[in-house]
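Count along the sequence shown from 1, add 79, and you get the number used in this note's numbering. Worksheet: the structure to be examined is printed underneath.
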Amino acid sequence: MIRQILEQRDWVLDQSDVKVQSVPFSKAARYRRPDWITFYAFRNSSDPRDVAITDRRQNARLPTDTRWTYYATFASPLQASVAFNVRDLRQLRQHVPAHGFYRVRIERTLRCA
80 MIRQILEQRD WVLDQSDVKV QSVPFSKAAR YRRPDWITFY AFRNSSDPRD VAITDRRQNA
140 RLPTDTRWTY YATFASPLQA SVAFNVRDLR QLRQHVPAHG FYRVRIERTL RCA
C-alpha cells in the first residue's frame, strides 16, 4: 500500500530490505525522487573539514594537491544542505560535471566549551 502511494507521487524504489533500528520493524524499503543524483564526498586527509563532492566514487576527478579519502554518499537535498552545507543544489549539479568536483568547507556548528 505504501509503495502504491509513493509511486503515485513520483517516488522510485531505491533499495528493498534495508535494516531498520526499530523494535517493531526489522527491514524496510528505501525510496528516492527520480531527479535526485547520487553524490560522493571525499575528505582531505590533512584537513577533515575540507570536502570534495563528486559524482563518481571510482576514478573520481579530485584536486591533485592533496590526498583524499572516501567519506560519505548522499542523494537527498536535505542531506546535502545539512551535512555538507550545500545551499544551491542546482549549482552543485552544474559544477560537478563541468569541473569533476565541488569543494566545500564544513565549518563547526558548535563552539568549544
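The beta carbon of each residue, even a glycine, is placed where N, CA and C say it ideally should be. The structure displayed is predicted, hence computed values, not measured ones.
Best match in the options for proximity to residue i [C-alpha to C-alpha]
i      : options                           : result
Phe163 : Ala131, Pro142, Val175 and Gln137 : Ala131
Asp126 : Cys191, Arg190, Leu189 and Ile185 : Ile185
Arg182 : Arg190, Arg128, Thr152 and Val99  : Arg128
Gln94  : Lys106, Ser101, Gln87 and Arg88   : Lys106
Ile116 : Arg190, Pro103 and Arg169         : Arg169
Helix, strand or coil at residue i according to DSSP, with G and I counted as helix
i      : result
Ile116 : coil
Val161 : helix
Arg184 : strand
Val99  : coil
Gln94  : strand
Backbone CA spacing between residue i and residue j [nearest angstrom]
i      : j      : result
Thr133 : Ala154 : 12 Å
Ile84  : Val161 : 27 Å
Val91  : Pro156 : 16 Å
Gln173 : Asp144 : 23 Å
Arg88  : Gln158 : 21 Å
Leu171 : Val102 : 38 Å
Gly179 : Thr152 : 16 Å
Glu86  : Asn123 : 39 Å
Proximity below 8 Å, CB of residue i to CB of residue j
i      : j      : result
Phe118 : Ala139 : no
Query raised in the report: Does the segment 101-110 come close enough to the segment 139-159 to have 3 or more Cβ pairs within less than 8 Å?
Result: With the cut-off at 8 Å, the segment 101-110 and the segment 139-159 do not touch.
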